[in-house]
Ligand code: ADP
Ligand code: ADP
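In UniProt numbering, the protein residues as written are 1 to 232.
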């Protein structure tokens, strides 16, 4: 579903050049919850941002749902991104809009009409367990509730792939558990393929089917979780 082939990305030049991704290849099968784990600075954030081309790689191929993203023009890329939802560590909600308004905004920018926006936003907020908070503003919510809004927004355009950029890193352990459970529900009931990055091995152990270890921009281990964990 997601295929990175020989993806490299550097920042800066000369003595200040940093290689963030060094010839990374990765395959995420359809329907998987796939985790990329690594320490701070390993290149996780750069990696996940290349998957929807928020970060354009210097070289390599990025295929999502059969489409080579690096070959697309601006308009086609915009359409392809509707199939790729993204959830962020710091939620990135619009503080001036209500919960419902935040979810509707994601549909407004892709041209869904007002009536349909309202209907779909209400439906997705119920799905993430926030139907009762539709009229609240983000400042009135707990961290876990804010992230549920972030997830609802990411699902609004009905993507096939969900990217999670340290979605639980700002949350306490109990809230983390409930958000991970929600990811699992989304994976199972909506059939979304989930790619997440995290610095916490526990997150990977809790929900991932497969995982890869990223170190200094390179994939070190990669496989089904049962096999990775049983390796001495
Ligand atoms: P992680 O998410 O694992 O912490 P990042 O992908 O954020 O790692 O960063 C990988 C490396 O690339 C780090 O050395 C970081 O300093 C560098 N880097 C990331 N983004 C930029 C940028 N926009 N400009 C310069 N260096 C960057
Ligand atoms: P630009 O017009 O600058 O290329 P976009 O309109 O594609 O940027 O994206 C604007 C912002 O929306 C991005 O910085 C990112 O935070 C967010 N974003 C882009 N694509 C997605 C997506 N598929 N799911 C969730 N958020 C996205």
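Glycine included, C-beta positions come from ideal geometry on N, C-alpha and C.
Proximity test, residue i beta-carbon vs ligand 1 heavy atom, cut-off 8 Å
{"i": "residue 88", "result": "no"}
{"i": "residue 137", "result": "no"}
{"i": "residue 197", "result": "yes"}
{"i": "residue 11", "result": "yes"}
{"i": "residue 44", "result": "yes"}
{"i": "residue 26", "result": "no"}
Endpoints, the alpha helix (DSSP H) within which residue i is located
{"i": "residue 109", "result": "Run containing residue 109: none; DSSP gives neither H nor E here."}
{"i": "residue 168", "result": "First-last for residue 168: undefined, no H or E at that position."}
{"i": "residue 155", "result": "143-155"}
{"i": "residue 77", "result": "74-81"}
Residue i - DSSP class collapsed to helix/strand/coil
{"i": "residue 126", "result": "helix"}
{"i": "residue 222", "result": "strand"}
{"i": "residue 47", "result": "helix"}
{"i": "residue 86", "result": "strand"}
{"i": "residue 176", "result": "helix"}
{"i": "residue 95", "result": "coil"}
{"i": "residue 40", "result": "coil"}
{"i": "residue 59", "result": "strand"}
{"i": "residue 228", "result": "helix"}
{"i": "residue 135", "result": "coil"}
Opening and closing residue of the beta strand (DSSP E) in which residue i lies
{"i": "residue 25", "result": "18-28"}
{"i": "residue 213", "result": "210-215"}
{"i": "residue 9", "result": "2-11"}
Distance cut-off 8 Å: residue i Cβ against heavy atoms of ligand 4
{"i": "residue 38", "result": "With respect to ligand 4, the structure offers nothing, as its ligand set consists of ligand 1 and ligand 2."}
Counterpart residues of residue i in DSSP-defined beta bridges
{"i": "residue 247", "result": "Missing from the structure shown is residue 247; the chain here goes from 1 to 232 and no further."}
{"i": "residue 193", "result": "161"}
{"i": "residue 67", "result": "64"}
{"i": "residue 34", "result": "195, 210"}
Residue of the options minimising C-alpha distance to residue i
{"i": "residue 72", "options": "112, 56, 19", "result": "56"}
{"i": "residue 28", "options": "229, 224, 228", "result": "224"}
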